[in-house]
């Protein structure tokens, strides 16, 4: 990999890059090459206090800015991100590990989010309500919550920052963002776009930190609301610490992809593979589990193995690479553990199932297909977060639905069928937030409400479209006496 793009190796507080007040630092290594990307200061409680004070001052003024002006500022941020697309994409690939083509798509979509939510904000209308009292007139409108503490994951560093920042800024909020300490640089570099767009200092601060710093952010009395994307285990800790603060939580997913007896088998196999390799499978709506009708099992397995041959594992800067390295050793160890458990329980690893030797780092995991996965195995019960297609067999439609719902998580699912009756049944009865019919479980659109089903361990609120703006604002009611 060539020399990495220059990245700010500082925190970003109150409109400027700064070394902060502490002495501790974190070295960032590339999962793709093992090389040293940079060193970032570890933020301190004093740094957090400074960011909160600046956010409060900036947010009070920003809330009073006309929504059309806030929307125009978001459009300018989008333009500035687009202008830096190649630099941001290369930097993200270096620190995160995903193929460059995916990073380019992430940066492009981040800019689109600022444009989308700029337009959403100017159409976030209230209502006139009918009162039982003829002497009263009631109406609703939306107001920003205040200062949000945002905790983002390492799999989509820039895109998931934009998923909160675009609707949050468009609706008049301020944000203090904690990306992971080992993938901080893309978001920090994106602050050049925020500054160039002319946003007031203090509206956005970036404090890459570890778990204890995230806990301090959540508990800080000056943080009014919490936005989080990440694992369900971490989400549970955050909600316990946040108390009654407003929160928007998008947590783990575990599929499933259901293939009925009447499915287009080639399309289902292609979609299962397409949902398993992007970002090395480190996606909350990745394939994870495939539940296949026994009548089409053999044909489906053969088709998946054919499709898997096109998944090239290699250098993420190579245009022919579809599958890059895993991001960190913790995810790789989880894949190792899931593969060992699958073998012990009698599942058949048809291809892959191990790290590839001779690569620049030990994080390159081969694309994996596992058949005969037991329902009680780790591959079935836990989110693997790796490039794997685990295949489970069901007897009939009722059995397939039972297996699909036999999981503690419920983020997004997919079903393949030619029957509209079956499609609607799974849309209504699969316990997930979104059901994709006849396409990859990894499919999504920035204008749809994305989030988990109730009574599941996937959080609450919605990422995407007008729904995020509604989650990041208060609905106020005015009552006028005539």
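In the working numbering, the protein residues as written are 2 to 483. We put the CB at the ideal spot given by N, CA and C, even for glycine.
One or two residues paired with residue i in a DSSP bridge
i, result
"residue 179", "152"
"residue 413", "435"
"residue 466", "Looking at the DSSP assignment, residue 466 forms no beta bridge with any residue, so it has no partner."
"residue 484", "In the structure as shown, the chain starts at 2 and stops at 483, and residue 484 therefore has no counterpart that could be examined."
"residue 37", "30"
"residue 17", "14"
"residue 144", "475"
Local conformation of residue i per DSSP, three classes
i, result
"residue 271", "helix"
"residue 251", "strand"
"residue 7", "coil"
"residue 196", "helix"
"residue 206", "strand"
"residue 2", "Residue confidence is low: residue 2 scores 49 on pLDDT, short of 50, so the model does not pin down where it sits. No coordinate-derived value is stated."
"residue 125", "coil"
"residue 461", "strand"
"residue 447", "coil"
"residue 89", "helix"
"residue 240", "helix"
"residue 157", "coil"
"residue 46", "helix"
"residue 130", "strand"
"residue 258", "strand"
"residue 426", "helix"
"residue 265", "coil"
"residue 419", "coil"
"residue 108", "helix"
"residue 190", "helix"
"residue 405", "helix"
"residue 171", "helix"
"residue 440", "coil"
"residue 454", "coil"
"residue 94", "helix"
"residue 51", "helix"
"residue 485", "Since the first residue shown for the chain is 2 and the last is 483, residue 485 is missing from the structure and cannot be characterised."
"residue 64", "helix"
"residue 163", "helix"
"residue 245", "coil"
"residue 56", "helix"
Any C-beta of chain C under 7 Å from that of residue i
i, result
"residue 324", "Annotation note: the requested chain C is absent from the structure, which comprises a single protein chain."
Whole-angstrom C-beta distance between residue j and residue i, which should lie under 8 Å
i, j, result
"residue 53", "residue 39", "At roughly 26 Å, the Cβ-Cβ gap does not stay under 8 Å, so residue 53 and residue 39 are not in contact."
"residue 11", "residue 42", "7 Å"
"residue 16", "residue 202", "3 Å"
"residue 118", "residue 191", "Between residue 191 and residue 118 the Cβ distance is about 16 Å, and since that is not below 8 Å, they are no contact."
"residue 159", "residue 178", "With a Cβ gap of about 11 Å, residue 159 and residue 178 do not count as contacting."
"residue 416", "residue 424", "6 Å"
"residue 79", "residue 175", "About 19 Å; that fails the 8 Å criterion."
Residue i beta carbon near the ligand SAH (any heavy atom closer than 6 Å)
i, result
"residue 479", "The ligand SAH is absent from the structure shown, which contains no ligand whatsoever."
Next item on the list: Please list the segments of the beta strand (DSSP E) lying wholly inside the stretch 357 to 400, counting only runs of 3 or more residues, in order along the chain.
Entry: Listed in chain order, the complete beta strand (DSSP E) runs (minimum 3 residues) inside the stretch 357 to 400 are 369 to 372 and 389 to 395.
Notebook entry, point to check: Hey, which unbroken runs of the alpha helix (DSSP H) at 4 residues or more fall wholly within the stretch 210 to 235?
Noted result: 212 to 220
Next item on the list: Mind the definition here: the stretch 325 to 341 touches the stretch 270 to 288 only if three or more C-beta pairs lie below 8 Å; say whether that holds.
Entry: yes
Margin query: Closer than 8 Å is the cut-off here; do at least three beta carbon pairs connect the stretch 215 to 229 with the stretch 40 to 59?
Written below: Output reads yes: the stretch 40 to 59 touches the stretch 215 to 229.
Item checked: alpha helix (DSSP H) runs contained entirely in the stretch 268 to 354, provided each spans 4 or more residues -> 298 to 309 and 330 to 345
Item checked: Three or more C-beta pairs below 8 Å linking the stretch 415 to 433 and the stretch 359 to 376 -> No: fewer than three Cβ pairs fall under 8 Å.
Next item on the list: Please confirm if the stretch 17 to 33 is in contact with the stretch 81 to 91, defined as three or more CB-CB distances below 8 Å between the two stretches.
Entry: no
Note to self: Check whether the stretch 460 to 475 and the stretch 287 to 302 touch, using three or more Cβ-Cβ pairs below 8 Å as the test.
What the structure shows: no
Margin query: So, does the stretch 181 to 196 touch the stretch 141 to 149, judging by three or more C-beta pairs under 8 Å?
Written below: no
Checklist line | Meets three-Cβ-pair contact criterion under 8 Å: the stretch 66 to 85 and the stretch 117 to 136 | finding: yes
Check: With contact counted as at least three CB pairs below 8 Å, one residue from each stretch, are the stretch 475 to 482 and the stretch 263 to 272 in contact?
Finding: no
Check: Is the number of C-beta pairs between the stretch 454 to 461 and the stretch 237 to 254 that are closer than 8 Å three or more?
Finding: yes
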